[in-house]
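In the working numbering, the protein residues as written are 5 to 330.
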């Protein structure tokens, strides 16, 4: 008998990176006895080169690589949602363009949650649970591809358990992010999280920056701490520009440099708060966006800037003169 998980396990498949920017060709059901499988055929994207540039005040990525024909079989699926769109998507390329796959195994379950998202604004996510997944390359030649896009997916989330240090969450309201301030290593000066990690009372920090649409748990009654800021930021197309990200990061850095301890959070603790903390690390330590995200994920592996925020972070990296790993 397999052990019951006590913590969420993030799943990074060997094929996850190739789904970022892939083109869906078909999605279909297949029944094996009483089991229900989902089969996806697609053109996996293998990136070779990447360059950022600005045009008419907007940031773009110019990429080149190739499409490779692939097939994934998800076995014994349940809880399927959004499949009608994916089985018969519009003909436009954007409607078939995959942004990412998020997958994890929750405590108490022996199957894996999957969430596919596509580029089209009005498209639903494809959501389901599956016991396992297998992939293979299908017959056909790879196709060279070169294009420009106004988004860029972050590196896939790591294949690891998500720690839940409850004592730290009760005291500080989030996960600690290691940082160097004035060349001194600090392990409990920066904290990141979502509303679900927070205590009922104000945590033991000197300031809180709430970037989400929901109040901090201790402020739900309407009583706010004067040291805190609540500034709801958007996501996706309505997300933060590079300049706004810089301003918010500088606000945090200014307080850290005076010896204060802080928490930055959004609703889930995945996108907006991670974006700002990546920028804080980049400006404080002169590191790349990818190195900053890897640092955040050491203790907060669910951290994931969305594809617009990741493009903005890479642009700030370029302006800082740091060589990108992407």
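Where is the CB? At the ideal position from N, CA and C, for every residue including glycine.
Helix, strand or coil at residue i [DSSP, three-state]
{"i": "residue 165", "result": "strand"}
{"i": "residue 119", "result": "strand"}
{"i": "residue 283", "result": "helix"}
{"i": "residue 73", "result": "strand"}
{"i": "residue 98", "result": "helix"}
{"i": "residue 5", "result": "Here the model assigns residue 5 a pLDDT of 36, short of 50, so the residue's position is not dependable, and the following value carries that caveat. Note: residue 5 maps to coil in three-state DSSP."}
{"i": "residue 239", "result": "coil"}
Beta-carbon proximity check, residue i vs residue j, cutoff 8 Å
{"i": "residue 244", "j": "residue 313", "result": "yes"}
{"i": "residue 299", "j": "residue 159", "result": "no"}
{"i": "residue 47", "j": "residue 24", "result": "no"}
{"i": "residue 276", "j": "residue 216", "result": "yes"}
{"i": "residue 176", "j": "residue 260", "result": "no"}
{"i": "residue 196", "j": "residue 269", "result": "yes"}
{"i": "residue 70", "j": "residue 148", "result": "yes"}
{"i": "residue 104", "j": "residue 157", "result": "yes"}
{"i": "residue 278", "j": "residue 309", "result": "yes"}
{"i": "residue 82", "j": "residue 167", "result": "no"}
{"i": "residue 144", "j": "residue 273", "result": "no"}
{"i": "residue 293", "j": "residue 249", "result": "no"}
{"i": "residue 129", "j": "residue 77", "result": "no"}
{"i": "residue 106", "j": "residue 119", "result": "yes"}
Cβ-Cβ separation, residue j to residue i (assumed contact under 8 Å), whole Å
{"i": "residue 139", "j": "residue 75", "result": "7 Å"}
{"i": "residue 72", "j": "residue 146", "result": "5 Å"}
{"i": "residue 80", "j": "residue 134", "result": "6 Å"}
{"i": "residue 318", "j": "residue 265", "result": "With 8 Å as the limit, residue 318 and residue 265 do not qualify as a contact, their Cβ atoms being about 29 Å apart."}
{"i": "residue 108", "j": "residue 12", "result": "5 Å"}
{"i": "residue 49", "j": "residue 57", "result": "About 20 Å separates the two Cβ atoms, so there is no contact after all."}
{"i": "residue 116", "j": "residue 15", "result": "6 Å"}
Cα-Cα separation, residue i to residue j
{"i": "residue 284", "j": "residue 180", "result": "14 Å"}
{"i": "residue 307", "j": "residue 202", "result": "17 Å"}
{"i": "residue 311", "j": "residue 287", "result": "20 Å"}
{"i": "residue 280", "j": "residue 34", "result": "43 Å"}
{"i": "residue 254", "j": "residue 86", "result": "40 Å"}
{"i": "residue 225", "j": "residue 10", "result": "32 Å"}
{"i": "residue 114", "j": "residue 45", "result": "25 Å"}
{"i": "residue 247", "j": "residue 43", "result": "42 Å"}
{"i": "residue 124", "j": "residue 100", "result": "8 Å"}
{"i": "residue 89", "j": "residue 187", "result": "51 Å"}
{"i": "residue 227", "j": "residue 213", "result": "15 Å"}
{"i": "residue 189", "j": "residue 51", "result": "35 Å"}
{"i": "residue 96", "j": "residue 62", "result": "23 Å"}
{"i": "residue 257", "j": "residue 282", "result": "12 Å"}
{"i": "residue 150", "j": "residue 98", "result": "15 Å"}
{"i": "residue 185", "j": "residue 325", "result": "20 Å"}
{"i": "residue 38", "j": "residue 198", "result": "39 Å"}
{"i": "residue 111", "j": "residue 161", "result": "18 Å"}
8 Å Cβ cutoff, residue i in contact with chain C
{"i": "residue 250", "result": "Here there is only one protein chain, and chain C is not present."}
Given residue i as reference, the closest of the options once Cα atoms are compared
{"i": "residue 164", "options": "119, 318, 305, 325", "result": "305"}
{"i": "residue 31", "options": "12, 37, 84", "result": "84"}
{"i": "residue 154", "options": "17, 67, 258", "result": "67"}
{"i": "residue 218", "options": "238, 151, 291, 94", "result": "238"}
{"i": "residue 206", "options": "229, 91, 98, 141", "result": "229"}
{"i": "residue 94", "options": "29, 249, 296", "result": "29"}
{"i": "residue 221", "options": "162, 174, 320, 297", "result": "174"}
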